[in-house]
Amino acid sequence: MLQQNRPAGEFLAGMRAIFPLIIAVLPIGLVFGAVSATKGLSAVETTLMSALVFAGGSQFVAMDIWTHPASWIGVGFAALLVNIRHVLMSASIGTKMQSFSGIKRYIAMLFLADELWAMAEFRAGSTRLTPTWYAGIVMPFYLTWVGSSLAGALLGAFLGDPAIIGLDFAFPAVFIVLVMGFWKGPETGAVLAASGIAAVAVHQFVPGVWYIAAGALAGLAMALWRGRAREQAA
Amino acid sequence: MTLDLNTLLAILAMAAATIFTRISGLVLIRYVEIDENRRTAIEAIPPAVLMAVIAPTAFATGWAETLACAVTAIAARRLPMLASVVVGVATAALSRAAGF
């Protein structure tokens, strides 16, 4: 037990816990780098995005709607919408960080990603969540994401037109898998239907990325409406 | 190796938006109680956003894309993420080659 409480032991325990997810994120990072290269981003730009944003979902969305020259309002707004779930994740894990000093809590939150959040919640359920253990899961995961993006960007230049091998479809495919991961029954189905219909309609008639905001708002309105209907029925 | 100014601005905007979402939960729990309704609303946002992003590809691009989206969704119920993505990409490539 004493061994477990040593900082080095805690750090290694974190690294062991995150290892399977490192194997899973490595190819995703490679794909991100490869397709960002075909969108005209340099290896430096791709690596910088992975290092500073460090949120796969929003980076994939940004590539999907990328324009030349880049629109900071468009991708910034899209990142805000896609990552709004972090608010809830950060609020939840924030209540389990008693071992963290004030400043360490904020530093830890800068590296909050879906996978790291899930591991930290799981850890907090069974034992005390420490800053050292958290650093043990963050450091290898962060370095793998940034490193594999760089490797993918360097390799991507040799791949040619992504549409021929279907690589451009990697982004929508990742999103579909993520959407299915959020599935919680008919409630989710209603939200998805509202969002999909609104997005397609707005996409047909309004240029730019407004269809994303339209879909998000329609899905949100549907969730609130169903929630209220359920409350009145109860 | 180039760094375009517009691209840099776009990356910084994304980083600022993401940092804002990551920090605000921590700030929020100091002042606000998150009740059932607020939780439902916040949980609906990620699937709604992702659906909005893929909807034009899934329903308004072409039959190859629609088919590949459907196959990916079915694969995602059984297979891990990377395998589902590979299946989806292969479906897109094959159905485009077949002329859909």
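Those sequence lines, one after another, are chains U and V.
Using full-length UniProt numbering, the letters of the first sequence map in sequence onto residues 1 to 234.
Using full-length UniProt numbering, the letters of the second sequence map in sequence onto residues 1 to 100.
Don't be surprised by glycine CBs; every beta carbon is placed ideally from N, CA and C.
Problem set entry | U:Ala-190 beta carbon less than 7 Å from that of U:Ala-222 | Locating residue 222 of chain U in the first sequence gives position 222, where the first residue counts as 1. Locating residue 190 of chain U in the first sequence gives position 190, where the first residue counts as 1. It is Met, not Ala, that sits at residue 222 of chain U in the sequence shown. Their beta carbons are under 7 Å apart, which means U:Met-222 touches U:Ala-190 by this criterion.
Exercise. How many whole angstroms separate the CB atoms of U:Trp-145 and V:Ala-13, which I take to be in contact at a CB cut-off of 8 Å?
Worked result: On the first sequence, position 145 is the one that residue 145 of chain U refers to. On the second sequence, position 13 is the one that residue 13 of chain V refers to. Incorrect: roughly 20 Å between the Cβ atoms, too far for contact.
Exercise. Mind pulling the chain V residues with CB within less than 7 Å of residue 240 of chain U?
Worked result: Residue 240 of chain U lies beyond the range of chain U shown here (1 to 234); nothing can be said about it.
For this session: Look at the alpha carbon of U:Met-109 and the alpha carbon of U:Phe-141, and state the distance between them as a whole number of angstroms.
Result: The residue you call residue 109 of chain U lines up with position 109 of the first sequence. The residue you call residue 141 of chain U lines up with position 141 of the first sequence. Taking the straight line joining both Cα atoms gives about 15 Å.
Exercise. CB U:Leu-178 to CB V:Ala-41, shorter than 7 Å?
Worked result: As a working mapping, residue 178 of chain U is identified with position 178 in the first sequence. As a working mapping, residue 41 of chain V is identified with position 41 in the second sequence. Not a contact, by the Cβ cut-off of 7 Å.
Exercise. What's the gap between the Cα of U:Ala-8 and the Cα of U:Thr-130?
Worked result: Taking the first residue of the first sequence as position 1, residue 8 of chain U is located at position 8. Taking the first residue of the first sequence as position 1, residue 130 of chain U is located at position 130. Near 12 Å, if we compare the C-alpha coordinates of U:Thr-130 and U:Ala-8.
For this session: Output the distance between the C-alpha atoms of U:Gly-14 and U:Met-139, rounded to the nearest integer angstrom.
Result: One-based indexing of the first sequence puts residue 14 of chain U at position 14. One-based indexing of the first sequence puts residue 139 of chain U at position 139. When rounded, the separation of the alpha-carbon atoms in U:Gly-14 and U:Met-139 is 10 Å.
Exercise. At what residues does the alpha helix (DSSP H) containing V:Ser-95 begin and finish?
Worked result: Walking along the second sequence from the start, residue 95 of chain V turns up at place 95. Per DSSP, the unbroken alpha helix (DSSP H) holding V:Ser-95 starts and ends at 81 to 97.
Exercise. Hey, out of U:Ile-65, U:Val-75, U:Lys-96, whose CA is closest to V:Ile-29's CA?
Worked result: As a first step, residue 29 of chain V is located in the second sequence; it is residue number 29 there, counting from the start. Per the Cα distances, U:Lys-96.
Exercise. Where does U:Met-1 land, buried or exposed, given buried means 16+ other C-beta within 10 angstroms?
Worked result: In the first sequence, counting from the first residue as 1, residue 1 of chain U sits at position 1. Residue placement at U:Met-1 cannot be trusted, given a pLDDT of 41 that sits under 50; what the coordinates show is reported in the next sentence. Under this definition U:Met-1 is an exposed residue.
Exercise. Under 7 Å between the Cβ atoms of residue 236 of chain U and U:Gly-29?
Worked result: There is simply no residue 236 of chain U to check, as chain U begins at 1 and stops at 234 in what is shown.
Exercise. Are U:Thr-46 and U:Ser-149 close, meaning C-beta to C-beta below 7 Å?
Worked result: Here residue 46 of chain U corresponds to residue number 46 of the first sequence, with the count starting at 1. Here residue 149 of chain U corresponds to residue number 149 of the first sequence, with the count starting at 1. U:Thr-46 places its beta carbon less than 7 Å from that of U:Ser-149.
Problem set entry | Contact set for U:Ala-233: own chain, Cβ-Cβ below 6 Å, skip 5 residues either direction | Translated into positions along the first sequence, residue 233 of chain U becomes position 233. Apart from sequence neighbours up to five positions away, no residue of its chain approaches U:Ala-233 with a beta-carbon distance below 6 Å.
Exercise. Out of curiosity, what's the CA-to-CA distance linking U:Leu-88 and U:Val-82?
Worked result: Along the first sequence, one-based indexing puts residue 88 of chain U at 88. Along the first sequence, one-based indexing puts residue 82 of chain U at 82. Their backbone Cα atoms lie some 13 Å apart in a straight line.
For this session: Measure the C-alpha to C-alpha separation of V:Ile-11 and U:Met-63 and round it to an integer number of angstroms.
Result: As a first step, residue 11 of chain V must be located in the second sequence, where it is residue number 11. As a first step, residue 63 of chain U must be located in the first sequence, where it is residue number 63. In this model, V:Ile-11 and U:Met-63 are separated by some 11 Å (Cα to Cα).
For this session: Give a yes or no on whether the C-beta atoms belonging to V:Ala-64 and V:Ser-24 are separated by under 7 Å.
Result: Here the question's residue 64 of chain V lines up with position 64 in the second sequence. Here the question's residue 24 of chain V lines up with position 24 in the second sequence. No, they are not a contact pair.
Problem set entry | Proximal residues of chain V, C-beta to C-beta of U:Ile-28 below 9 Å | For the purposes of this step, residue 28 of chain U is taken as residue 28 along the first sequence, with counting starting at 1. Close to U:Ile-28, with beta-carbon spacing below 9 Å, are these residues of chain V in chain order: Met-81, Leu-82, Val-85.
Exercise. Looking at the C-beta of U:Ala-70, does it have a partner C-beta in chain V at a distance below 7 Å?
Worked result: Working through the first sequence from its first residue, we reach residue 70 of chain U at position 70. Yes, U:Ala-70 lies at the interface with chain V (some Cβ there is under 7 Å from its Cβ).
Problem set entry | Simplified DSSP state of U:Met-1, which is helix, strand or coil | For the purposes of this step, residue 1 of chain U is identified with residue 1 of the first sequence, where counting begins at 1. For U:Met-1, the pLDDT reaches just 41, beneath the cut-off of 50, and the residue's location in the model is therefore unreliable, although a value from the coordinates is still provided. If DSSP states are grouped into helix, strand and coil, U:Met-1 belongs with coil.
Problem set entry | Alpha-carbon to alpha-carbon, U:Ala-135 and U:Met-119 | Numbered from its first residue, the first sequence carries residue 119 of chain U at position 119. Numbered from its first residue, the first sequence carries residue 135 of chain U at position 135. If I take the Cα positions, the gap works out to 12 Å.
For this session: Check the Cβ-Cβ distances between V:Gly-25 and every residue of chain U, and say whether any is below 7 Å.
Result: Numbered from its first residue, the second sequence carries residue 25 of chain V at position 25. Yes, contact with chain U.
Exercise. Beta carbon of U:Gly-219, beta carbon of U:Ser-195: below 7 Å?
Worked result: Locating residue 219 of chain U in the first sequence gives position 219, where the first residue counts as 1. Locating residue 195 of chain U in the first sequence gives position 195, where the first residue counts as 1. Between U:Gly-219 and U:Ser-195, the CB-CB gap stays under 7 Å.
Problem set entry | Proximal residues, the stretch 46 to 69 of chain V versus chain U, C-beta separation under 8 Å | Among the residues of the stretch 46 to 69 of chain V, those with a Cβ less than 8 Å away from any Cβ of chain U are Pro-46, Pro-47, Ala-48, Val-49, Leu-50, Met-51, Ala-52, Val-53, Ile-54, Ala-55, Pro-56, Thr-57, Ala-58, Phe-59, Ala-60, Glu-65, Ala-68, Cys-69, in the order of the chain.
Exercise. Are the C-beta atoms of U:Gln-3 and some chain V residue less than 7 Å apart?
Worked result: In the first sequence, counting from the first residue as 1, residue 3 of chain U sits at position 3. Summary for U:Gln-3: the model assigns pLDDT 46, below 50, so the residue's position carries little reliability; its value from the coordinates is reported in the next sentence. Chain V has no Cβ within less than 7 Å of the Cβ of U:Gln-3.
For this session: Tell me, please, whether the CB atom of U:Leu-12 is closer than 7 Å to any CB atom in chain V?
Result: Stepping through the first sequence from its first residue, residue 12 of chain U is reached at position 12. Among the residues facing chain V, U:Leu-12 is not included, as its CB has no counterpart in that chain under 7 Å away.
For this session: Could you pull out every residue in the same chain whose Cβ sits closer than 7 Å to the Cβ of V:Ala-98, ignoring the five residues on either side in sequence?
Result: The sequence position of residue 98 of chain V within the second sequence is 98, counting from 1. Closer than 7 Å at the Cβ level, and outside the excluded window around V:Ala-98, lies no residue.
Exercise. For a contact meaning CB atoms closer than 7 Å, what does V:Ala-98 contact in chain U?
Worked result: Numbered from 1 along the second sequence, position 98 holds the residue referred to as residue 98 of chain V. For V:Ala-98, none of the residues of chain U pass the 7 Å Cβ criterion, the least Cβ distance being about 12 Å.
For this session: Run the CB neighbour count on residue 161 of chain V, radius 10 Å, all protein chains shown included, and call it buried at 16 or more, exposed below.
Result: The requested residue 161 of chain V is not part of the displayed model; chain V covers only 1 to 100.
For this session: Determine the extent of the alpha helix (DSSP H) in which U:Thr-130 is found, giving its start and end residues.
Result: In the first sequence, the residue the question calls residue 130 of chain U occupies position 130. From DSSP, U:Thr-130 is part of no alpha helix (DSSP H); its letter is neither H nor E.
Exercise. Can you tell me the Cα-Cα spacing of U:Ala-193 and U:Phe-11, whole angstroms?
Worked result: Here the question's residue 193 of chain U lines up with position 193 in the first sequence. Here the question's residue 11 of chain U lines up with position 11 in the first sequence. Near 44 Å, if we compare the C-alpha coordinates of U:Phe-11 and U:Ala-193.
Problem set entry | Nonlocal neighbours in the same chain, by C-beta distance under 7 Å from U:Val-75, ignoring five residues either side | Taking the first sequence and counting its residues from 1, one reaches residue 75 of chain U at position 75. These residues qualify, in order along the chain: Ala-62, Ile-65.
For this session: Report all residues from its chain with a CB closer than 7 Å to the CB of U:Ile-22; omit the five preceding and five following residues, and keep chain order.
Result: The sequence position of residue 22 of chain U within the first sequence is 22, counting from 1. Same-chain partners within the cutoff: Pro-140, Phe-141, Thr-144.
Exercise. Over what stretch of residues does the alpha helix (DSSP H) that includes U:Thr-47 continue unbroken?
Worked result: Within the first sequence, the letter at position 47 stands for residue 47 of chain U. Looking at the DSSP string, the run of the alpha helix (DSSP H) that includes U:Thr-47 is 43 to 52.
Problem set entry | Candidates V:Ala-76, V:Ser-84, V:Asn-6, of which the one nearest U:Gly-40 by Cα | One-based indexing of the first sequence puts residue 40 of chain U at position 40. Residue nearest to U:Gly-40 within the set V:Ala-76, V:Ser-84, V:Asn-6 is V:Asn-6 (criterion: CA-CA distance).
For this session: Go to residue 238 of chain U, then tell me how far its alpha helix (DSSP H) extends in each direction, as first and last residue.
Result: What the structure shows of chain U is the stretch from 1 to 234, and residue 238 of chain U is not part of that stretch, so it cannot be assessed.
For this session: List the residues of chain V whose Cβ lies closer than 9 Å to the Cβ of U:Met-49, in chain order.
Result: On the first sequence, position 49 is the one that residue 49 of chain U refers to. Neighbours of U:Met-49 in chain V, taken as residues at a C-beta separation under 9 Å, are given in chain order as Thr-7, Ala-10, Ile-11, Met-14, Ala-15.
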